């Protein structure tokens with residue numbers, strides 16, 4: 071997606087890659103709190119994640135014909151689902167670790183008896 075030596079894109083590069091005008095990107099920053107590019111020397115610098123989010127917003131608004139409010143709701147639900155999925159993965163990992171600890175403690179008890 072980005073050149074290997076480049077971590078961020080400026081607004082004109084993002085505009086060119088996403089085919090979204092720069093003024094629209096600035097407006098979306100105000101409307102979508104998730105879209106928050108870093109600023110370096112007063113310049114917006116977009117990460118690959120920002121560019122993916124822009125593509126998702128564009129799809130929701132232009133292709134799926136959602137309103138901005140509707141797109142915000144979809145993005146919020148998506149973010150919650152990802153968080154819940156990540157939380158479940160952590161819980162599964164925690165359960166496995168606890169089972170391993172429990173087994174090791176049983177083995178230590180057997181040795182001590």
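Residue numbers (this note's numbering): 71 to 183. Think of the CB as a built atom: it goes at the ideal place given N, C-alpha and C, for glycine as much as any other residue. None of these values were measured; they are calculated from a predicted model.
Helix, strand or coil at residue 79 [DSSP, three-state]: Annotated three-state conformation of residue 79 is strand, per DSSP.
Beta strand (DSSP E) runs contained entirely in the segment 90–131, provided each spans 3 or more residues: Runs found: 108–110 and 113–115.
Distance, residue 78 Cα to residue 188 Cα: With the chain running from 71 to 183 in the structure shown, residue 188 is simply not present.
Nearest residue (CA-CA) to residue 126, options 113, 115, 100 and 90: Measuring from the Cα of residue 126, the nearest candidate turns out to be 90.
Among 114, 168, 108 and 133, the one whose alpha carbon lies nearest that of residue 93: When the alpha-carbon of residue 93 is set against those of 114, 168, 108 and 133, the nearest one is in 114.
Segment contact, 8 Å Cβ cut-off, at least three pairs: the segment 125–143 with the segment 96–108: Enough Cβ pairs lie closer than 8 Å, so yes.
Among 88, 147 and 172, nearest to residue 119 - alpha-carbon criterion: Taking each of 88, 147 and 172 in turn and checking the Cα distance to residue 119, the smallest one comes out for 88.
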